[in-house]
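*Asks:*
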Amino acid sequence: MKKLFLSFIAGILIFLSFQEVKSQGFIQKYFVDTTDNAYDVSNFLAAQGGMLIYPVFITEPAVGYGGGLGLIFFHRSKYERETGHLSKLPPSMTMVGGLSTENGTWAGLVGDVG
Numbered sequence: 043m044k045k046l047f048l049s050f051i052a053g054i055l056i057f058l059s060f061q062e063v064k065s066q067g068f069i070q071k072y073f074v075d076t077t078d079n080a081y082d083v084s085n086f087l088a089a090q091g092g093m094l095i096y097p098v099f100i101t102e103p104a105v106g107y108g109g110g111l112g113l114i115f116f117h118r119s120k121y122e123r124e125t126g127h128l129s130k131l132p133p134s135m136t137m138v139g140g141l142s143t144e145n146g147t148w149a150g151l152v153g154d155v156g
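Take this note's numbering: the final residue in the sequence shown is number 156, and no numbers are missing along the way.
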């Protein structure tokens, strides 16, 4: 499990290191929060769409150790895609995920907010 996790983190770091940086203005617009100048990807996901991967770590003694993975896809609504008119509302989100623990407990998630 530890080796898999370290491989996953290494893969993410390699992927991010080879990404092309378009310009400083692009980074400032989408990846820096205007209130505290901290790193923030929410503007990029809301404006451009994309996918957010989130790991789940379970350390509950009652069910044992476990983990899971979730994906959230950010996309435009059907109306926005057909008309090209962008609203000021948050983007639509589609979610899938699952988790499992040592004692066989498992759960799944499928959802849509649009």
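Using N, Cα and C, we set each Cβ at its ideal position, and we do this for glycine too.
How about the segment 93 to 110 and the segment 132 to 147: do they share at least three Cβ pairs that are nearer than 8 Å?
*Replies:* These segments touch.
*Asks:* How far does the beta strand (DSSP E) with Pro97 in it extend, from its first residue to its last?
*Replies:* Unbroken beta strand (DSSP E) run through Pro97: 92 to 100.
*Asks:* How would you write the range of the beta strand (DSSP E) that Val105 sits in, first residue to last?
*Replies:* Per DSSP, Val105 belongs to no beta strand (DSSP E) and is neither H nor E.
*Asks:* Can you find the residues in the same chain that come closer than 6 Å, C-beta to C-beta, to Asp154, ignoring five residues on each side of it along the sequence?
*Replies:* Thr136
*Asks:* From Leu151 to Leu113, what distance separates their C-alpha atoms?
*Replies:* Cα to Cα, the separation comes out at about 10 Å.
*Asks:* Can you tell me whether DSSP reads Ser159 as helix, strand or coil?
*Replies:* Residue 159 lies beyond the range of the chain shown here (43 to 156); nothing can be said about it.
*Asks:* Just tell me which of Trp148, Glu144, Gly110, Leu131 has its CA closest to the CA of Phe47.
*Replies:* Gly110
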